[in-house]
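*Asks:*
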Amino acid sequence: MRIWRSVVGKLWITILLLVSFVLFILTILLLEFFQNYHVEEVEESLTYEAEKIARIIESYPDRDLSLQIVKEIVDEPVYAIIVFGEEGTYFSGSSLPSNQSLYNRILNDPMFTSVLRENNVVKKELSLENDMTSNRYDNVKVIGVPIEPSSEEQGAVFIYQSLEAIQKTTEQTTRIIVLAAGIAIILTTIFAFFLSTRITAPLRKMREGAFEVARGKFDTKVPILTQDEIGELATAFNQMGRQLKHHLDALSQEKEQLSSILSSMADGVITFNRDQTILITNPPAERFLQYWYLDQDKSPKEAIPTTFKELLNLVMETEEEQSGEIIVQGRTFVTIISPLSSDKAVRGAVAVIRDMTEERRLDKLRKDFIANVSHELRTPISMLQGYSEAIVDDIAQSEEEKREIARIIYDESLRMGRLVNELLDLARMEAGHITLQMDDTPVYSFIERIVHKFQGVAREKNVELAVVSHIPREMEWKFDPDRIEQVITNLVDNALRHTYDGDKVEVVISETAEGLCLEVIDSGIGIPEEDLPFIFERFYKADKARTRGRAGTGLGLAIVKNLVEAHHGSIKAGSELNKGTTFRFYLP
Numbered sequence: 132m133r134i135w136r137s138v139v140g141k142l143w144i145t146i147l148l149l150v151s152f153v154l155f156i157l158t159i160l161l162l163e164f165f166q167n168y169h170v171e172e173v174e175e176s177l178t179y180e181a182e183k184i185a186r187i188i189e190s191y192p193d194r195d196l197s198l199q200i201v202k203e204i205v206d207e208p209v210y211a212i213i214v215f216g217e218e219g220t221y222f223s224g225s226s227l228p229s230n231q232s233l234y235n236r237i238l239n240d241p242m243f244t245s246v247l248r249e250n251n252v253v254k255k256e257l258s259l260e261n262d263m264t265s266n267r268y269d270n271v272k273v274i275g276v277p278i279e280p281s282s283e284e285q286g287a288v289f290i291y292q293s294l295e296a297i298q299k300t301t302e303q304t305t306r307i308i309v310l311a312a313g314i315a316i317i318l319t320t321i322f323a324f325f326l327s328t329r330i331t332a333p334l335r336k337m338r339e340g341a342f343e344v345a346r347g348k349f350d351t352k353v354p355i356l357t358q359d360e361i362g363e364l365a366t367a368f369n370q371m372g373r374q375l376k377h378h379l380d381a382l383s384q385e386k387e388q389l390s391s392i393l394s395s396m397a398d399g400v401i402t403f404n405r406d407q408t409i410l411i412t413n414p415p416a417e418r419f420l421q422y423w424y425l426d427q428d429k430s431p432k433e434a435i436p437t438t439f440k441e442l443l444n445l446v447m448e449t450e451e452e453q454s455g456e457i458i459v460q461g462r463t464f465v466t467i468i469s470p471l472s473s474d475k476a477v478r479g480a481v482a483v484i485r486d487m488t489e490e491r492r493l494d495k496l497r498k499d500f501i502a503n504v505s506h507e508l509r510t511p512i513s514m515l516q517g518y519s520e521a522i523v524d525d526i527a528q529s530e531e532e533k534r535e536i537a538r539i540i541y542d543e544s545l546r547m548g549r550l551v552n553e554l555l556d557l558a559r560m561e562a563g564h565i566t567l568q569m570d571d572t573p574v575y576s577f578i579e580r581i582v583h584k585f586q587g588v589a590r591e592k593n594v595e596l597a598v599v600s601h602i603p604r605e606m607e608w609k610f611d612p613d614r615i616e617q618v619i620t621n622l623v624d625n626a627l628r629h630t631y632d633g634d635k636v637e638v639v640i641s642e643t644a645e646g647l648c649l650e651v652i653d654s655g656i657g658i659p660e661e662d663l664p665f666i667f668e669r670f671y672k673a674d675k676a677r678t679r680g681r682a683g684t685g686l687g688l689a690i691v692k693n694l695v696e697a698h699h700g701s702i703k704a705g706s707e708l709n710k711g712t713t714f715r716f717y718l719p
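To get the working numbering, take the position in the sequence shown, counting from 1, and add 131.
1) Give the DSSP-derived three-state secondary structure of phenylalanine 585 in the structure shown.
2) Where do the ends of the alpha helix (DSSP H) carrying arginine 346 lie?
3) Measuring alpha carbon to alpha carbon, tell me which residue in Ala476, Glu451 and Arg492 is nearest arginine 462.
4) Is the CB-CB distance between proline 659 and leucine 622 below 7 Å?
5) I'd like to check one pair, glycine 711 with serine 641: are the Cβ atoms closer than 7 Å?
6) Counting only the same chain and skipping the five closest in sequence on each side, list residues whose C-beta sits under 7 Å from that of valine 612.
7) Along the chain, where does the beta strand (DSSP E) containing asparagine 404 start, and where does it finish?
8) Using a Cβ-Cβ cutoff of less than 7 Å, which residues in the same chain neighbour valine 273 once the five nearest sequence positions on both sides are dropped?
9) By Cβ distance below 6 Å, which residues in the same chain neighbour valine 276 in space, the five residues on each side in sequence not counted?
10) Beta-carbon within less than 6 Å of glutamine 453's beta-carbon, same chain only, minus the 5 sequence neighbours each way: which residues are those?
11) Give the single residue among Thr366, Val353 and Glu530 whose Cα lies nearest to the Cα of lysine 336.
12) What residue range is occupied by the uninterrupted beta strand (DSSP E) comprising lysine 202?
13) Report the option in Leu420, Lys692, Phe368 and Lys498 whose CA atom is closest to the CA atom of valine 618.
14) Would you tell me roughly how many angstroms separate the C-alpha atoms of methionine 242 and lysine 202, rounded to the nearest one?
15) Alpha carbon to alpha carbon, how far is serine 197 from tyrosine 191? Give it in angstroms, no decimals.
16) So, with DSSP's three-state summary, where would you put arginine 478?
17) Using the DSSP secondary-structure output, state which residues sit across from valine 639 in a beta bridge.
18) Between the segment 169-178 and the segment 344-351, can you find at least three pairs of beta-carbon atoms closer than 8 Å?
19) DSSP beta-bridge partners for proline 333?
20) Specify the secondary structure class of lysine 533 as computed by DSSP and reduced to three states.
21) Output yes or no for whether 7 Å exceeds the beta carbon distance between proline 511 and methionine 547.
22) Measure the alpha-carbon distance for phenylalanine 342 versus leucine 142 and round it to whole angstroms.
23) How is the beta strand (DSSP E) around aspartate 571 delimited, first residue to last?
24) Per DSSP, aspartate 486 forms a beta bridge with which residues?
25) Going by C-alpha distance, which of Gln298, Ser245 and Gly286 is nearest valine 271?
26) Work out the CA separation of serine 473 and isoleucine 401 for me, nearest whole Å.
27) Tell me whether the segment 581-596 and the segment 626-640 touch, counting them as touching only if at least three CB pairs, one residue from each stretch, are closer than 8 Å.
28) Whole angstroms are fine: how far does the CA of phenylalanine 716 sit from the CA of leucine 663?
29) Tell me, to the nearest whole angstrom, how far the beta carbon of asparagine 413 is from that of leucine 393; I am working on the premise that it is less than 8 Å.
30) Please name the residue, chosen from Ala537, Phe403 and Ile308, that lies closest to glutamate 520 on a Cα-to-Cα basis.
31) Whole angstroms are fine: how far does the CA of asparagine 167 sit from the CA of glutamine 303?
32) Reducing DSSP to helix, strand and coil, say where leucine 147 ends up.
33) Can you tell me which residues form a DSSP beta bridge with tryptophan 608?
34) Please go through the same chain and pick out, in chain order, the residues whose beta-carbon is closer than 6 Å to the beta-carbon of tyrosine 518, but skip the five residues on each side of it.
35) Roughly how many angstroms separate the alpha carbons of isoleucine 409 and isoleucine 666, rounded to a whole number?
36) According to DSSP, is threonine 713 helix, strand or coil?
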């Protein structure tokens with residue numbers, strides 16, 4: 132069935148049908164022409180013979196002589212029947228069809244009897260049964276011509292001839308035409324296939340080339356087999372392939388550039404269709420959508436946040452840029468949505484999403500820093516101002532009171548100095564300007580020396596301070612001794628300031644898979660659970676009512692965290708109210 136759908140098959144069928152139709156019409160016309168031509172020729176010949184016989188009979192009064200002449204004139208396949216009134220009938224020849232049968236047909240046919248009665252010339256074709264073959268009829272042409280009477284007696288000459296020869300000629304002609312038609316069909320088929328092959332061979336090459344181009348092989352070339360229109364088509368196809376490859380390479384480069392730009396952007400970009408279908412996203416936008424999917428509890432999940440969808444609808448309706456702020460998973464995103472226009476109609480929109488969480492956090496930290504610094508400085512400055520006024524106004528009467536005022540002013544100035552120094556240290560650490568002097572240090576003796584400095588304070592507060600080691604005493608570890616001493620000093624100082632009389636503070640040393648583990652464990656007042664996530668922030672303090680002894684600046688733990696992280700380590704805190712606190716940090 133494939134050949135009928137091919138160009139070769141269609142062209143062959145078309146040519147074959149055309150040739151067959153032309154031969155069929157030509158055959159009908161030729162057969163009709165031959166039939167009419169031969170019948171007319173026989174009719175004219177028979178009429179001439181009949182008239183000649185009639186003139187002979189009219190010219191010779193001697194009937195026997197005239198009939199003898201007629202017998203000599205009439206030869207097969209022409210036969211004659213001569214009727215003389217009621218006296219008799221003369222039959223010329225004895226071949227089929229039967230003269231008697233024809234004579235009976237003539238006597239019974241009004242058209243033929245009109246020859247005798249009215250002297251008309253009659254021409255008619257009859258069908259007679261063949262005496263030699265049953266169930267077969269012969270067509271004969273009969274011409275009736277009247278004989279001019281020489282007396283009162285009427286006469287007529289009926290001359291006839293069988294049309295079987297004409298039929299045989301027609302059949303032979305038909306056979307010849309059919310044979311010619313068969314030869315013509317065969318030659319047409321050969322010609323059609325030859326022509327089709329010449330046409331379709333390059334077309335098949337181009338079809339194969341088109342399939343290759345469709346698969347992405349744009350460098351495919353079609354051979355140019357001819358210099359006609361098909362050859363020009365092949366040339367145009369090759370040019371088209373080269374142009375396609377060039378344009379697609381350019382589009383691919385532009386797409387890669389656009390993809391690289393989008394991927395490298397810090398802001399998220401989402402392109403929407405008019406029906407709000409997401410077309411293109413970059414990694415920051417995908418993170419934004421992931422935050423949104425995780426933030427949803429109900430099912431099915433919405434593709435974009437409600438606020439985002441409202442802004443998008445507003446852009447589609449007003450065809451103007453819209454902006455808004457969206458909070459997802461506790462993160463703040465600012466989005467700007469612009470319409471994409473095409474032919475004076477909005478075909479979509481592009482949204483630029485910026486994660487402002489860090490900026491908001493830094494802005495809050497800045498405000499908190501200013502507020503905290505102002506708060507921390509307000510108290511010592513107020514005290515300095517107040518006691519200074521007391522000295523100026525000479526309120527202190529005794530030397531003891533003056534010394535007490537001077538001592539308070541001195542302590543507050545030291546407190547302000549510590550605050551400023553810690554702020555400077557913290558600023559340098561966060562700016563990355565801290566330099567570590569790494570050295571192999573004996574861990575146990577190093578920790579024991581630091582803890583020994585706090586033994587006097589511990590005895591005053593009746594707190595047991597001890598070092599618990601799970602490592603060999605001679606083991607060394609590489610770190611900056613000064614910075615780690617600052618870390619442990621801050622942690623032990625905090626532990627001592629937040630313990631009751633009779634409590635216990637331990638510094639535990641161990642080695643784990645994460646590195647050297649140092650723990651400062653106290654059994655003091657503990658830290659409320661709600662304060663634990665914030666204890667490493669600057670100026671953050673737990674409940675001030677729980678603070679005993681000299682107050683801190685709120686920067687110690689922030690400095691501790693920065694110093695540990697500068698060593699690429701980590702620090703954690705765990706606490707239970709009124710049961711104690713554990714600070715654990717690791718040095719890799």
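Positions of the beta carbon are idealized from the N, C-alpha and C atoms, including for glycine. Note that the structure is a prediction, hence the values are computed from the model and not measured.
*Replies:* Result, derived from the coordinates:
1) Three-state result, phenylalanine 585: coil.
2) For arginine 346, no alpha helix (DSSP H) segment is defined, and its DSSP state is neither H nor E.
3) Ranking Ala476, Glu451 and Arg492 by Cα distance to arginine 462 puts Arg492 first.
4) Contact flag unset, no.
5) Contact annotation: serine 641 and glycine 711 have beta-carbon atoms that are not nearer than 7 Å.
6) Per the sequence presented here, residue 612 reads as proline, with valine not at that position. Excluding positions up to five away in sequence, the list reads Asp570, Thr572 and Phe577.
7) Residue range 399-404 is occupied by the beta strand (DSSP E) that includes asparagine 404.
8) Excluding sequence positions up to five before and after valine 273, its CB lies within less than 7 Å of the CB of Lys255, Leu257, Phe289 and Tyr291, all in the same chain and listed in chain order.
9) Sequence-distant partners of valine 276 (beyond 5 residues in either direction) whose C-beta falls short of 6 Å from its own C-beta, in its chain, are Ala181, Glu182, Ala185, Val252 and Val288.
10) Contacts found: Leu442, Leu445, Val446 and Ile468.
11) That would be Val353, whose Cα lies nearest to the Cα of lysine 336.
12) For lysine 202, there is no enclosing beta strand (DSSP E); the enclosing alpha helix (DSSP H) covers residues 194-204.
13) Between valine 618 and the set Leu420, Lys692, Phe368 and Lys498, the nearest pair of CA atoms involves Lys692.
14) Taking C-alpha positions only, methionine 242 is separated from lysine 202 by approximately 26 Å.
15) Answer to the nearest angstrom: the Cα atoms are 6 Å apart.
16) In this structure, DSSP gives arginine 478 an extended state, which the three-state scheme calls strand.
17) Paired residues: Val599 and Glu650.
18) No, because fewer than three Cβ pairs between the segment 344-351 and the segment 169-178 fall closer than 8 Å, the two stretches do not touch.
19) Beta-bridge partners of proline 333 (DSSP): none assigned.
20) Lysine 533: helix per DSSP, three-state reduction.
21) Between proline 511 and methionine 547, the gap from beta carbon to beta carbon is short of 7 Å.
22) Each residue's alpha carbon lies about 23 Å from the other.
23) For aspartate 571, the enclosing beta strand (DSSP E) covers residues 570-573.
24) DSSP, once it has assigned bridges, lists Phe464 as partnering aspartate 486.
25) Out of Gln298, Ser245 and Gly286, Gln298 has the C-alpha closest to the C-alpha of valine 271.
26) If I take the Cα positions, the gap works out to 18 Å.
27) Yes: at least three Cβ pairs fall under 8 Å.
28) About 15 Å.
29) Between the beta-carbon of asparagine 413 and that of leucine 393 there is about 4 Å, and that keeps the pair under the 8 Å contact cut.
30) Nearest of Ala537, Phe403 and Ile308 to glutamate 520, Cα basis: Ala537.
31) Distance from the CA of glutamine 303 to the CA of asparagine 167, rounded to the nearest whole angstrom, comes to 16 Å.
32) If DSSP states are grouped into helix, strand and coil, leucine 147 belongs with the helices.
33) Bridge partners of tryptophan 608: Thr572.
34) So the qualifying residues of the chain are Ile536, Ile539 and Ile540.
35) Per the coordinates, the alpha-carbon of isoleucine 409 lies some 43 Å from the alpha-carbon of isoleucine 666.
36) Three-state DSSP puts threonine 713 in a strand.
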